[in-house]
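Residue numbers (this note's numbering), protein chains in the order written: chain R, 1 to 1150; chain S, 10001 to 10379; chain H, 20001 to 20181; chain C, 30001 to 30140.
Beta carbons: idealized from backbone N, C-alpha and C, even for Gly.
To keep things clear, I will list the structure first and then write my remarks on it.
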């Protein structure tokens, strides 16, 4: 039976949307990826570098095997994948149905530009009279209403800003390919009713709106308006509120009764704004305050019109929906705006600063003051702008701003020289990731970034100086007031829910938290309140890249589960591009044939011939012996043109094709079709986008341009000449998984994989499973951990696809391309050889534990670790009711020389325990001694709660750590109050140390599977940002505490992420390599193993029995370093081998 | 520890032979690998010896250096044989072998490396001529070469490599036979250089020796002389090849026979890339080159080949001079190589053959290094 | 302090402590405060003292008395704490406890309000005279002499008694007294 | 005399510098047309032989350009490239091919302007150095 292919809709094509989409597409499901904006890539397109490396690595998200199915270039240029359909300028309207059967309505902006015709020549942009703020540069520069969506976009096609466009038609007139088509008459169809008792208002509004091409009718009273509405229908009504007789609000109600879809905009004097707001609650769309600027009216009208235009929805049937709409940033100009954003010169948001320093930004790679254009030397970053500030309605922390600011400061220093003075003003430095603390220390010590613990109250211009510099007044920890001058102040603006997404969520009854962020279920970072709808990335709260990517993958896993449970199929990688036996034979024949190249040049309706001497080009290329034929054709982009080409191919019977044309007709999918039509592999078609080169050099003389194109074509001909027609390699791949570790991460990973239909062996060294969860009672949110664990264990133990090996350890493991063999060893069984498991992927979920207290002297329950405390309280060995004073010491043995990382969970745990104690015994005095309170994200609420409950916090300095002394039955804690500048002594009944988390991943174990450990002995990610659960060995993953310190919820998310990363391999019987892939010529190989050592992916290994180098073609990414390191040429990069390279060099130099 | 090898029948050579026989008889080793005068021949070739009696033909110290045995030892050791072999190598042969170990072409596991103060060598062509014209006997040669530091022998030239060698002393071995600074009338000294070496020397039960007092001084003198000669040689060769035009003329007799690379001990490739299909050009290619330049010499890619070889292994050049020895056109490839090797080795602070744990410079990298070469600022 | 125990002070400041419990010691109040330079301890320091039950230290400082109720701190506090109100509660506590070191300010306020109560607006000369009398210190008026003359020269303080307003505020004062219990 | 137009080959990596070159293209930033780009997957795959070949076949200048340290798609290919270029810079000048004819740069995906600038500067620089000997004398 032919079952349907699973399909998921991913709403939001930023970082996390791309991750979810790719994970599913790689697994073999269909994905519809939509985004409301005009380009994909989201926020990251605007950032050149990201923390915690100050580097990029976005491209590392791309598929690793079957690479030819997707684009292989910088993601800022765009993305395509055979299994992903991308719809831009598209929004989600509604969702109906159940998981596995969702009906989703979308609305898409009408496209006035036919992207298949647009050559990106830029003429339209030149003539466009409208200049608006360029949102890509955060408004720091201007752009036209017709523009290129993002500077690096792969497609050169222009797009139109519908709200800014005046429909003057200049672009339509000038477009040389006729790609722009306005449907101007449509505005006439848009009927507007203006209701006002003042004639002058009515008339002038009518005039303004008519000028824009709308149909306008006026009425002088509500009664009249209603009468008119009986006659005909209107799309929009503008009504005054204060009118004699029926007032605007009443009219609104009555009009809505007649026409529910009518858009109503209220007009009112400033004093009566309240009633306008009330009217909005009754269904008015918006309001205008009188007197208003015609431009405001027009803009608002256009917005409504635009909605009207795109109201026609597209309906999609999918199995699951992933919401990945990301986040928005707080707008500092709203509210009290104490920092004078938009008022004072040189106050910018973090995003604006990113644009200021970007190579594609307004400074063109140089840092200049956005207002005065003077060079910038002193820069300050203000943290918590719109976060941790109830004055802006933000009782939460935004998670990543501290790190973003550190990165920006480092980048400013690195890019623009050490003369830049960077100061970061902060409250708590929330370096909550594994390597974040180290990053901060490096910024401080190596980059000389100044960190000042102070909150700036407001900002003033230094009027005395008169150079636009800003002065910030702050108080240091010692109470001294300082006034510092800055050229530029960067506001680290906090998170706000993504508007459209929240709207969509509310409309579709998806629960949000008190601030409007999507609420996810208990112990899940991705499940929303509505089954079948998942939240990826930052939608449920701002996340750093690694966490966004993790959640995106976790969301993909849930979608995968839904599709599997709904019985949906995947497109097997091996079947999709399947080449049957006959084809294989043809290809084999072709491989032995001499190349016969057909070179086709498009004259593009004589456009090219004006700039190029096509005939001389033809005669040059004709001299290349393998060039069977060089043809000049016209308008390849049209269907007729394309047919001529196919005819020509059939006539000349070439086995290679080189195509010189413009971008639209060399789009990948057409080439694919062509390959099929002509009977050869698409990779044997080489294409040159001539128009881009012509566009780049508008003034180059014909002879030079011809030369240039000649050279470019010759390189391609050279490539075609040496292309290997043999199809991509297929590697048989084992479809079982091995999960090592039976903690919550291991359990989740195993269950997730098993739920998607693959067999899992789970190995646990102890005789119980559950790991750390066994000793935990409740989360800070009050969730019952035992109940959760019991349910998971029950599911695991009863799962038909899971085999559990308790009291078992890993004896040894050996990897072969496509399969890993692991020898198990059961505790107590000494003589027998253990069981060998063959598997395709390994998930290292070996966990971690709370660091012991050093030295652990006390057994009187006076000095405890957090874990010990929680256990003794559960056992009632300590009764909270009997305690008078409890002291908690944070960062006890972490964030120091020995364990230089933040363990992330201890502050939350301390807050949980403090609140627990206060709940059980309101009289107990709890003191928390901390360095930086890491109550990140929405956990900030618990910090506030603890304070409200009367918990007293003492901040201490890492140089001056608290000490404890046993005094009979009390513990004396000595610390120093930094603010009061005095020593403090507390007599406590009990002292609880937050000792941090130690990973439990033996180096030998990691090593056996080709994974590595980082400097902190956690699992080393292939890329800490973009591949956060992968190792460099593409078959090995990690999750939970062996990966990084994390909460239960986060551990579950990493496990789900690891699961989908594994499933995308397990779902294929055979993995397909890329066309550009390493190979070895064994006959001339000396087995020096230089290639083995140099391969970053471990794709090469030595087969000791066969005495040869073997390559895992799926692991190989085609970088070619192996070929460069091999002196004999036995290591080769198929597709870009030395013959081809040397020939290309010859070609460009001839 | 140090032991003494005494004269046997008033002969140093026989004394050495005796030492090797004892070594073979200890059962610590199964075979010896050392230069042996072939039966009924004047040729001295490295040979694998298992019979004690065969040691009588061994010439451990001779002016003949037909090939760098580092290569041969790699053949003996790239896989396990189940036999233990003691190999006697010249310092440059040891260096070559150490480089080959790094490239997984050999292993020390079953070897006892015995080094020797280098007895120098004549170039292969001079050696043939020398042998025809009243050569010195083996002992006399030793006496002469270790007492004088001449550049010639009976009017024949020691090879350029030997005359410009700044390091004719063994390192990285299990034991070394020392002659420089040793009173040869009293015999020679064997010093242990590793634990294995020491154990073996102990089982030999031979007379202990003391450190030769003058050795350091002599070693320093020889090194200095070598350095000076090397400097002059490099100045000279640089002058001869400091432009592409000059390099063209320097190599104009090259017939692309690839003997230099075949005999190079560190050119470890089974097959040189220049012998593969990459350089088996299409006929039309030759025409195209000819059309471009007016004429093209065949075989082509001569300078390309030499420059590539410099790029591939100059960092590993041990300065044995076998490339020049092997050249049928008498091109002094060695001098060309050494002059470049000096630069490349200095650039990576790499000294080939001295430490088998030092990775080849192009197989490793550091995140922060050579930052001065990044960018287009003029140097 | 001497006259009032820390415990008693703590009782009096219980409400203030509760008000500022969620303070995160960011220092915005201090940096905002235009009178900070006249304070012996910073506002942040003072809140910290209160939180850590050092009420005695709070009342041995005069910082809160220096508060001129400009409301900057309240406006800018990220925790949304009503700091200005907290300041005035401290002033009230000081007055209620009749702490000697705040006597001058308490009497100053009382004299001011008395004048307002009586006339519906302040009569500077009467108010100052009453204040001096209540201080029972003959030296004090001299300290104000030069300031007084300056103000008089600028017409800010008039020797004559302005008319009007008498008794109109009585109801208001009555209500306040009622509210305050 | 005809103005010297140098022949320059630039090996650019597919991920960063090629993106920058593309960006320069779409941003209409022209750079000298005599610079010939050869796209490679990674600078780490640039065999020293390619550079030698380019010079011997008459290139006046060779540029290798890839991702900034840490940005390499293949993690560390650019570091490996740096060692190879260092090696060539030790060998080639010895034979009269000036050090300044061979360059290695890091040009990130967003550095379209920098790309065009570097190309222009490089061209000027090579013009200043003059034609390569290999163009004047036929290499055997």
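Among the CB atoms of chain S, none fall inside 7 Å of the CB of residue 593/R.
Rounded to the nearest whole angstrom, the C-alpha separation of residue 10137/S and residue 10365/S is 51 Å.
With distances taken between CA atoms, residue 712/R lies nearest to 690/R out of 699/R, 728/R and 690/R. Around the CB of residue 10109/S, fewer than 16 other CB atoms lie within 10 Å, so the residue is classed as exposed. The residues 10223, 10226, 10227 and 10230, in chain order, have a CB closer than 8 Å to that of residue 10166/S in the same chain once the five nearest residues on each side in sequence are set aside. Spatial neighbours of residue 20009/H in its own chain (CB-CB distance under 7 Å, excluding positions within 5 residues in sequence) are listed in chain order as 20055, 20056 and 20059. What residue 432/R touches in chain H, judged by beta-carbon distance under 7 Å, is nothing: the nearest beta carbon there is about 17 Å away.
Put simply, the CB of residue 10302/S is far from chain R, with every gap to its CB atoms at 7 Å or more. Between residue 30137/C and chain S, the shortest Cβ-Cβ separation is below 7 Å.
Annotated three-state conformation of residue 10156/S is strand, per DSSP. Its Cα nearest to that of residue 960/R, the residue 982/R stands out among 951/R, 982/R and 130/R. With contacts defined as CB atoms closer than 7 Å, residue 539/R and residue 325/R qualify as a contacting pair.
Cβ neighbours of residue 103/R within its own chain (closer than 7 Å, five residues either side excluded): 96, 97, 315 and 317. In this structure, the straight-line span from the alpha carbon of residue 30120/C to that of residue 30033/C is close to 10 Å. At least one C-beta of chain S is nearer than 7 Å to the C-beta of residue 30096/C.
The residues 927, 973, 986, 988 and 991, in chain order, have a CB closer than 6 Å to that of residue 887/R in the same chain once the five nearest residues on each side in sequence are set aside. Annotation: the continuous alpha helix (DSSP H) that includes residue 546/R extends over 545-565. In this structure, 889/R is the residue among 893/R, 889/R and 920/R with its C-alpha nearest to the C-alpha of residue 909/R. Secondary structure at residue 20168/H: coil, using DSSP grouped into helix, strand and coil. Residue 20073/H sits in a helix when the DSSP states are folded into three classes. Per DSSP, residue 125/R is one residue of the alpha helix (DSSP H) stretching across 123-127. Annotation: residue 724/R is outside any beta strand (DSSP E) and is labelled neither H nor E by DSSP. Here residue 935/R is buried. Its C-beta has 16 or more other C-beta atoms within 10 Å. Within its own chain, the residues whose Cβ lies closer than 6 Å to the Cβ of residue 851/R, once the five positions on either side in sequence are excluded, are 893, 995, 996 and 998, listed in chain order. For residue 10012/S, the closest of 10037/S, 10112/S and 10183/S by C-alpha to C-alpha distance is 10183/S. Scanning 273/R, 368/R, 235/R and 247/R for the CA closest to the CA of residue 258/R turns up 235/R.
In this structure, the CA atom of residue 20126/H is about 23 Å from the CA atom of residue 20176/H. In the structure shown, residue 147/R adopts extended strand secondary structure according to DSSP, grouped into three states. Shown in chain order are the members of the region 1117-1129 of chain R whose Cβ falls below 7 Å from a Cβ of chain S: 1125, 1127, 1128 and 1129. Sequence-distant Cβ neighbours of residue 192/R in its own chain, meaning closer than 8 Å and more than five residues away, are 209, 214, 215, 216, 217, 234, 235, 236, 237, 238 and 301. When only Cα atoms are considered, residue 957/R and residue 930/R end up about 8 Å apart.
Beta-bridge partners of residue 236/R (DSSP): 192/R and 263/R. With a threshold of 7 Å between beta carbons, residue 454/R makes contact with chain H.
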